[in-house]
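What follows is a set of notes on a single structure, which appears directly below.
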Amino acid sequence: MKKFNKKSVKKEDVVRLHEKYKFDYLEASILARRGITSGQDVMYYMESDTRFLHQPFLFSAMEDAVERINQAIEEKEKILIFGDKDVDGITSTAILYGYLKDRGADVQFRLPVGEDAYGLSMEAVDDFEAYCNGFSALIITVDCGISNNAEIDHANELGIDVIVTDHHNPPEILPAAAVIVDPKTKDSGYPFTDISGAAVAFKLVSALRFSRTELYGQDFCLMHVKPGKDSYTVDCLKIRNLVKKARHTFSAVPGSTSVYNTKLPDFLSGQQIFVWNEKETKARLRELFGTGVEFQMLDMQPEIAKQLPFVLGKSLEELRTISKIARYSDSPLTELDSFYNLFVTFAEKSAEKIFPKHKIDSENDLQLVAVAALADIMPLKNENRIFVKTGLAAMNAGKIRKGLAELIARSDLAGKKITSTDLSWKIIPSLNAAGRMGQSTVSLELLISESPQERNQKAAQIQEMNEQRKMFVADGESYTARQAEESLARFQNKLCIVQDARINRGITGILASKLMQKYNVPAIAITFSEDKTVAVGSMRSCRNLIATDFLDNFGTDFFLNHGGHNAAAGFSFNAGKLDDFIQKIQSMLPEITLDEENDSLDIDAELPADYITPELLTLIDKFEPFGEENPELRFISKNLAVSDAVILGKTERQHLKIMFDCGKYKFPALFWGEAARLNNDFSVKDRLDVIFNVTRNYYNGTITPQMILLDAQKSSVSE
Numbered sequence: 000m001k002k003f004n005k006k007s008v009k010k011e012d013v014v015r016l017h018e019k020y021k022f023d024y025l026e027a028s029i030l031a032r033r034g035i036t037s038g039q040d041v042m043y044y045m046e047s048d049t050r051f052l053h054q055p056f057l058f059s060a061m062e063d064a065v066e067r068i069n070q071a072i073e074e075k076e077k078i079l080i081f082g083d084k085d086v087d088g089i090t091s092t093a094i095l096y097g098y099l100k101d102r103g104a105d106v107q108f109r110l111p112v113g114e115d116a117y118g119l120s121m122e123a124v125d126d127f128e129a130y131c132n133g134f135s136a137l138i139i140t141v142d143c144g145i146s147n148n149a150e151i152d153h154a155n156e157l158g159i160d161v162i163v164t165d166h167h168n169p170p171e172i173l174p175a176a177a178v179i180v181d182p183k184t185k186d187s188g189y190p191f192t193d194i195s196g197a198a199v200a201f202k203l204v205s206a207l208r209f210s211r212t213e214l215y216g217q218d219f220c221l222m223h224v225k226p227g228k229d230s231y232t233v234d235c236l237k238i239r240n241l242v243k244k245a246r247h248t249f250s251a252v253p254g255s256t257s258v259y260n261t262k263l264p265d266f267l268s269g270q271q272i273f274v275w276n277e278k279e280t281k282a283r284l285r286e287l288f289g290t291g292v293e294f295q296m297l298d299m300q301p302e303i304a305k306q307l308p309f310v311l312g313k314s315l316e317e318l319r320t321i322s323k324i325a326r327y328s329d330s331p332l333t334e335l336d337s338f339y340n341l342f343v344t345f346a347e348k349s350a351e352k353i354f355p356k357h358k359i360d361s362e363n364d365l366q367l368v369a370v371a372a373l374a375d376i377m378p379l380k381n382e383n384r385i386f387v388k389t390g391l392a393a394m395n396a397g398k399i400r401k402g403l404a405e406l407i408a409r410s411d412l413a414g415k416k417i418t419s420t421d422l423s424w425k426i427i428p429s430l431n432a433a434g435r436m437g438q439s440t441v442s443l444e445l446l447i448s449e450s451p452q453e454r455n456q457k458a459a460q461i462q463e464m465n466e467q468r469k470m471f472v473a474d475g476e477s478y479t480a481r482q483a484e485e486s487l488a489r490f491q492n493k494l495c496i497v498q499d500a501r502i503n504r505g506i507t508g509i510l511a512s513k514l515m516q517k518y519n520v521p522a523i524a525i526t527f528s529e530d531k532t533v534a535v536g537s538m539r540s541c542r543n544l545i546a547t548d549f550l551d552n553f554g555t556d557f558f559l560n561h562g563g564h565n566a567a568a569g570f571s572f573n574a575g576k577l578d579d580f581i582q583k584i585q586s587m588l589p590e591i592t593l594d595e596e597n598d599s600l601d602i603d604a605e606l607p608a609d610y611i612t613p614e615l616l617t618l619i620d621k622f623e624p625f626g627e628e629n630p631e632l633r634f635i636s637k638n639l640a641v642s643d644a645v646i647l648g649k650t651e652r653q654h655l656k657i658m659f660d661c662g663k664y665k666f667p668a669l670f671w672g673e674a675a676r677l678n679n680d681f682s683v684k685d686r687l688d689v690i691f692n693v694t695r696n697y698y699n700g701t702i703t704p705q706m707i708l709l710d711a712q713k714s715s716v717s718e
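By numbering that gives the first Met the number 0, the letter at position 397 of the sequence shown is numbered 396, and the numbering carries on one by one without gaps.
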């Protein structure tokens with residue numbers, strides 16, 4: 000049987016998760032085993048309310064981006080959105096284009112097509128400048144741009160401003176763009192770096208929506224004065240665009256301190272002061288500082304109560320004790336923290352009331368952000384979990400966004416509970432196929448078209464391209480199979496590198512990914528431009544070799560274009576440099592260190608037979624969505640009785656369907672490709688130890704749970 004690892008957990012962590020968050024002990028032990036023990040991690044794991052998303056203006060450059068875009072809209076400047084040809088780039092473009100189009104902006108889009116390289120190109124800049132014909136213009140990059148220094152310099156020379164929104168690893172020298180919004184830049188200000196390009200575009204659009212409210216660009220100060228035994232504590236928080244900017248807290252004894260001997264006047268200067276109970280707050284300030292100074296303030300309790308009626312008549316202390324956010328805090332929240340959280344919720348609900356369409360559009364956009372997070376293999380932690388959960392919830396509630404709806408209808412998902420796995424295996428490859436076939440605009444047009452007829456036509460076209468893409472992948476594997484094996488020895492089992500002019504340019508990333516998965520080493524697949532003058536490649540990395548750092552070793556002059564993430568990168572260089580490329584890699588081999596291979600399976604829990612019931616689906620749902628850094632729940636059970644077994648399929652490698660007798664329930668299991676083990680390794684009436692996932696099976700309108708076996712062996716324990 001495969002090696003497996005069931006990590007030990009601290010009993011106190013399990014007990015705390017059970018007592019504080021009311022998880023049962025099985026759920027609590029799984030969370031602890033996965034390292035989900037801090038309050039914030041638990042919050043993002045279990046909550047789905049968009050209120051828990053990070054504020055867009057946490058990006059230090061967000062207000063600058065909003066100001067420049069609003070200026071462009073108001074002054075009727077021409078705007079070009081330049082995206083990428085993969086799912087993340089297409090969805091990013093759709094999100095921003097849809098918003099700007101609704102605002103009446105003079106906006107167009109451009110994506111790489113045909114043999115166009117990744118990222119903003121000189122040709123795109125020149126074409127846009129010619130189109131603008133001397134008028135003021137703006138380029139906004141989405142899911143690209145952070146490495147396009149030369150192209151952005153060229154745009155600047157032509158008098159075109161560039162706003163970069165990206166999520167890729169930045170180069171050492173950033174481009175001279177007017178504004179850069181990228182969570183991975185050093186001073187981005189954003190608390191979570193691993194969001195997709197579509198998520199960055201969504202944050203930008205969210206900020207633009209907020210900029211149409213009265214609260215945008217205003218400086219406020221929330222104040223709370225709390226009496227103690229012998230002194231008062233004055234707590235003040237500056238906020239701008241719903242983001243905390245500064246805090247000042249001090250204690251003073253009534254009558255012993257002049258307000259002018261504190262930092263309070265300077266801190267409050269120029270600020271609108273919001274309090275929870277004006278009468279009470281003024282009385283406490285008079286007792287503290289006397290009657291010689293008057294504070295001008297606005298009582299927010301009645302205003303907030305218009306949106307949140309339950310707060311009326313309650314103190315901040317009462318509200319703090321019932322706050323959901325406070326529940327997840329690992330340190331006690333103050334009354335002012337509670338005030339801030341209520342203010343943010345009030346502001347968001349007020350905006351929804353004034354602009355109801357914004358809420359609908361945001362829900363539609365979040366479906367694209369969910370797809371992009373899965374497509375770009377973003378870790379399903381922190382706010383990525385809320386992105387994906389929110390998107391899936393809308394789809395499963397029958398509110399599927401136009402464009403996605405047409406693809407889903409063609410993907411045998413109608414009437415089924417759509418999961419992250421369904422999106423990853425059925426929808427994302429189809430959306431990606433257009434870009435891989437050099438026709439990325441087809442997928443974008445599917446997502447932004449208002450015509451049902453056009454969307455259906457685009458969906459059909461995309462399906463055809465996906466079938467073609469599958470053939471190209473099979474061909475690429477065939478062309479490079481022997482070369483891949485030989486390259487392992489050539490590169491000391493540290494890298495797998497293949498190159499062949501017959502490889503379709505659109506599938507180098509898929510091919511590199513398949514080679515990486517097969518050999519468990521970083522892999523590179525290279526092909527060539529149609530005229531054979533440019534080598535174009537993709538790298539997929541693993542075992543802690545950072546792909547962008549690896550490519551940076553070649554220096555700034557080697558590549559025509561390169562960039563990416565830690566685990567995935569793309570590049571191009573003059574074809575005549577191919578030998579230099581290989582030689583450089585060979586010279587780097589002594590310095591390349593890969594983490595040790597780990598072929599053991601991590602187990603979330605060992606389940607006795609009487610725990611294997613249909614209720615496992617409820618447990619599975621709590622831990623969805625599954626994906627990067629949150630794999631499907633994996634269980635081990637021992638000594639399960641095989642009551643029946645049948646062979647399925649007519650292909651060369653047939654499958655096995657087993658029925659286990661788990662006491663109260665008979666539980667079906669599928670063992671893919673392992674039919675040959677029946678009556679060889681085990682038989683009906685034997686008992687097995689098994690490692691498995693649990694999924695839903697849909698058949699004739701009936702939903703039943705089933706195991707997917709990852710391994711099985713005859714049990715050494717008799718009944």
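We treat Cβ as the ideally placed atom computed from N, Cα and C, and that holds for glycine. Predicted model, so just to flag it, every value in this text is computed and none were measured.
At the C-beta level, residue 195 and residue 170 stay beyond 8 Å of one another. Judged by their CB atoms, residue 480 and residue 461 are not nearer to each other than the 8 Å cut-off. In this structure the region 52-68 does not lie against the region 394-409, because fewer than three pairs of beta carbons, one per stretch, are closer than 8 Å.
Taking residue 369 as the centre and dropping the five residues before and after it, the same chain places the C-beta of 386, 387, 390 closer than 6 Å to its C-beta, in chain order. When DSSP states are grouped into helix, strand and coil, residue 44 belongs to the helix group.
In this structure, DSSP gives residue 541 a state outside helix and strand, which the three-state scheme calls coil. When the five nearest sequence neighbours on each side are left out, the beta carbons in the same chain lying within less than 6 Å of the beta carbon of residue 108 are those of 80, 92, 96, in order along the chain. Distances from the alpha-carbon of residue 536 to those of 568, 348, 441 put 568 closest. Inter-residue distance for residue 445 and residue 436 is about 16 Å (C-alpha atoms, whole angstroms).
Contact between residue 52 and residue 190 does not hold, since their C-beta atoms are separated by about 11 Å, which reaches or exceeds 8 Å.
The C-beta separation of residue 475 from residue 510 comes to about 5 Å, placing the pair in contact by the 8 Å criterion. Nearest to residue 155 by C-alpha distance, out of 208, 176, 508, is 176.
When the alpha-carbon of residue 364 is set against those of 663, 200, 183, 470, the nearest one is in 200. Counting along the chain, the unbroken beta strand (DSSP E) around residue 560 starts and ends at 560-563. Counting along the chain, the unbroken alpha helix (DSSP H) around residue 339 starts and ends at 334-353. Contact annotation, residue 271 with residue 297: C-beta distance approximately 7 Å; criterion of less than 8 Å satisfied. Here residue 557 carries a coil assignment [DSSP, helix/strand/coil]. Distance from the CA atom of residue 256 to the CA atom of residue 222, rounded to whole angstroms, is 18 Å. Sequence-distant partners of residue 571 (beyond 5 residues in either direction) whose C-beta falls short of 6 Å from its own C-beta, in its chain, are 116, 533, 535, 559, 560. Contact between residue 573 and residue 541 does not hold, since their C-beta atoms are separated by about 28 Å, which reaches or exceeds 8 Å.
In summary, residue 309 is exposed, with fewer than 16 beta-carbon neighbours lying within 10 Å of its beta-carbon over all protein chains present.
Pairing residue 468 with residue 506 gives a Cβ-Cβ distance under 8 Å.
Non-local beta-carbon contacts of residue 644 in its own chain, meaning distances under 6 Å to residues more than five positions away in sequence, involve 657, 677, 683 in chain order. Annotation for residue 131: 77 place their beta carbon closer than 6 Å to its own, counting only its chain and skipping 5 residues before and after. Ranked by Cα distance from residue 8, the first of 579, 16, 2 is 16. For residue 288, the enclosing alpha helix (DSSP H) begins and ends at 277-288. Annotated three-state conformation of residue 624 is coil, per DSSP. Contact between residue 281 and residue 294 holds, with the beta-carbon distance rounding to 7 Å and staying under 8 Å. Of the other Cβ atoms in all chains shown, fewer than 16 fall within 10 Å of the Cβ of residue 134; this residue is therefore exposed.
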